[in-house]
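Below is one structure, written out as structure tokens, with a few remarks after it.
Residue numbers (the working numbering): 747 to 877.
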């Protein structure tokens with residue numbers, strides 16, 4: 747069975763990425779691994795899911811009828827490094843991330859997490875944007 751890894755943040759963009767990853771997992775008959783992490787030295791991180799977010803995510807994944815795993819925790823690594831490590835260690839077929847709209851200046855300094863993943867992933871990356 748192949749594996750799809752999705753980087754998750756608890757917001758509309760993270761939900762869109764998970765929804766697309768579920769569609770891909772169904773289409774490819776693949777296992778879905780959801781990664782949500784933060785650096786251990788960060789006291790507050792809006793990208794880190796709390797217990798309510800994880801519970802809601804668990805419900806969505808259980809209802810999707812795909813084989814899944816949630817990797818949620820703190821690390822000394824960055825979120826990009828954790829997502830890339832998961833994809834590499836699982837020999838993922840696809841990595842799914844969310845991309846948010848950027849201003850012209852923001853495009854010069856694209857989000858470091860997305861940029862690192864796009865440039866460093868050894869598998870295909872599906873970038874999901876909000877409509």
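Glycine residues also receive a C-beta, built at the ideal position from the N, C-alpha and C atoms.
- A Cβ-Cβ separation of about 19 Å leaves residue 795 out of contact with residue 830 under the 8 Å criterion.
- Going by C-alpha positions, residue 808 is about 24 Å away from residue 820.
- Under the DSSP definition of a beta bridge, residue 753 partners with 781.
- Counting only runs of at least 4 residues, the stretch 763-843 fully encloses the following alpha helix (DSSP H) elements, listed from N- to C-terminal order: 797-810, 825-835.
- Exposure of residue 865 is indicated by the presence of fewer than 16 other C-beta atoms within 10 angstroms of its C-beta.
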